[in-house]
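Data block below; observations after.
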């Protein structure tokens, strides 16, 4: 029995769902500036595979790293944590 490597997981907000079976998820991190000490927001965008097309903009989702599915898609949707209001 072969063990699979641990896959990275991220939690973010869906910022776009205009593509077919694909969404864009934004992950926002608060990081302390190394010199000035002020907290700054860093945003990272991921293109995610959404097989059922059930995500809407503003949903909070959990995504997981996977094999390359296209030129830019390397993540897949695991679950929708919270629906947009």
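Residue numbers (our numbering): 103 to 187.
Beta carbons are placed, not taken as given, at the ideal position from N, Cα and C, and that holds for glycine.
Item to complete: Look at the Cβ atom of residue 148, then the Cβ atom of residue 176, and state whether they are nearer than 9 angstroms.
Response: As a first step, residue 148 is located in the chain shown; it is residue number 46 there, counting from the start. As a first step, residue 176 is located in the chain shown; it is residue number 74 there, counting from the start. Taking 9 angstroms as the Cβ cut-off, residue 148 and residue 176 qualify as a contacting pair.
Worksheet item: What are the boundary residues of the beta strand (DSSP E) that residue 178 is part of?
Response: Counting from 1 along the chain shown, the entry for residue 178 is found at position 76. 177 to 184 is the extent of the beta strand (DSSP E) around residue 178.
Discussion item. Could you give the first and the last residue of the continuous beta strand (DSSP E) run that contains residue 145?
Written reply: In the chain shown, residue 145 corresponds to position 43, counting from 1. Element bounds for residue 145: 141 to 151.
Fill in: C-alpha distance - residue 117 paired with residue 108, whole-angstrom precision
Mapped onto the chain shown, residue 117 falls at position 15. Mapped onto the chain shown, residue 108 falls at position 6. A direct Cα-to-Cα measurement between residue 117 and residue 108 gives close to 26 angstroms.
Practice prompt. Can you tell me the Cβ-Cβ gap for residue 119 and residue 131, rounded? I've got them flagged as a contact below 8 angstroms.
Written response: The residue you call residue 119 lines up with position 17 of the chain shown. The residue you call residue 131 lines up with position 29 of the chain shown. Incorrect: roughly 22 angstroms between the Cβ atoms, too far for contact.
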